[in-house]
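First comes the structure, then the notes that go with it.
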Amino acid sequence: MNTSQISIVLLGHDARRLESRKWALHGMGYRVLTVMHLADLDHIPIAPAIDLLVLCHTLSAKESAQAVVHASARWPAIKKLALVRDPAKRPSRLLGQVRQTLDGPSRLLTTVSELVGYAGSSSYSHTY
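First residue of the sequence shown? That's 66 in the working numbering, and the numbers climb one at a time after it.
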């Protein structure tokens, strides 16, 4: 594994959505891990550090806030991104510095690259 690779954790309750987002981000060269429960964050090694936590809209505001606190304690420099379907239902202010985006693939990829940089190509990112 390339230790300088940008690492992302996707947290949500819908396995199908997590896998499709993982596939898209992995195709852009990111190292992507998916978790469905807050406690699963403890199973991810502290090193290499996780660069970005992506919170799915399937999480409650309370779950999102807990995830941000937990992930920030494990990886102090982690950035956060909340995926929201309805802009009026943004995560609570408890989340602090959390970027938000609509739940769409192209916007997700753009926002991720704005937050953590471009990961480069992977074996999946080529067009044949």
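No residue lacks a Cβ here, since even glycine has one placed at the ideal position from N, Cα and C.
Among residues of its own chain, excluding the 5 on either side of residue i, which ones have a beta-carbon nearer than 8 Å to its beta-carbon?
i      : result
Ala132 : Leu76, Leu103, Leu106, Leu118, Leu120, Leu124
Gly78  : The sequence given here places His at residue 78; Gly does not occur at that position. Closer than 8 Å at the Cβ level, and outside the excluded window around His78, lie Met101, Cys121, Thr123, Leu124.
Leu174 : Ala89, Leu90, Met93
By how many angstroms is the C-alpha of residue j removed from the C-alpha of residue i?
i      : j      : result
Ala89  : Pro170 : 8 Å
Leu160 : Leu180 : Interpretation of Leu160 is limited by its pLDDT of 49, a score under 50 that renders its predicted location unreliable; no figure is taken from the coordinates.
Thr176 : Ile109 : 23 Å
Ser85  : Gly92  : 11 Å
Tyr183 : Ser72  : 11 Å
His122 : Trp140 : 22 Å
Arg82  : Gln70  : 23 Å
Ser178 : Ser129 : 21 Å
Lys127 : Ala80  : 20 Å
Mind checking which residues open and close the beta strand (DSSP E) that includes residue i?
i      : result
Leu148 : 144-149
Leu124 : No beta strand (DSSP E) holds Leu124; DSSP gives it neither H nor E.
Rank the options by C-alpha distance to the C-alpha of residue i and give the top, closest one.
i      : options                        : result
Ala114 : Ile143, Leu148, Val149         : Ile143
Ile111 : Val74, Val149, Ala130          : Val74
Asp116 : Lys127, Ala130, Leu146, Leu173 : Leu146
Which first and last residues belong to the alpha helix (DSSP H) in which residue i is found?
i      : result
Leu103 : No alpha helix (DSSP H) holds Leu103; DSSP gives it neither H nor E.
Pro170 : 170-181
Gly92  : 80-92
Apart from the five residues on each side of it in sequence, which residues of its chain come closer than 7 Å, Cβ to Cβ, to residue i?
i     : result
Lys87 : Leu75, Val97, Thr99
Are there any heavy atoms of the ligand ATP lying less than 8 Å away from the beta-carbon of residue i, as far as the coordinates show?
i     : result
Arg82 : In terms of ligand content, the structure shown is empty, and the ligand ATP therefore cannot be addressed.
Among the residues of its own chain, which have a CB less than 6 Å from the CB of residue i, if the five just before and after it don't count?
i      : result
Gln162 : Summary for Gln162: the model assigns pLDDT 49, below 50, so the residue's position carries little reliability; its value from the coordinates is reported in the next sentence. Closer than 6 Å at Cβ, skipping near neighbours: no residue.
Inset, instruction - Flag this pair as touching only if the region 130-144 and the region 89-98 have three or more C-beta atom pairs under 8 Å; answer yes or no. - result: no
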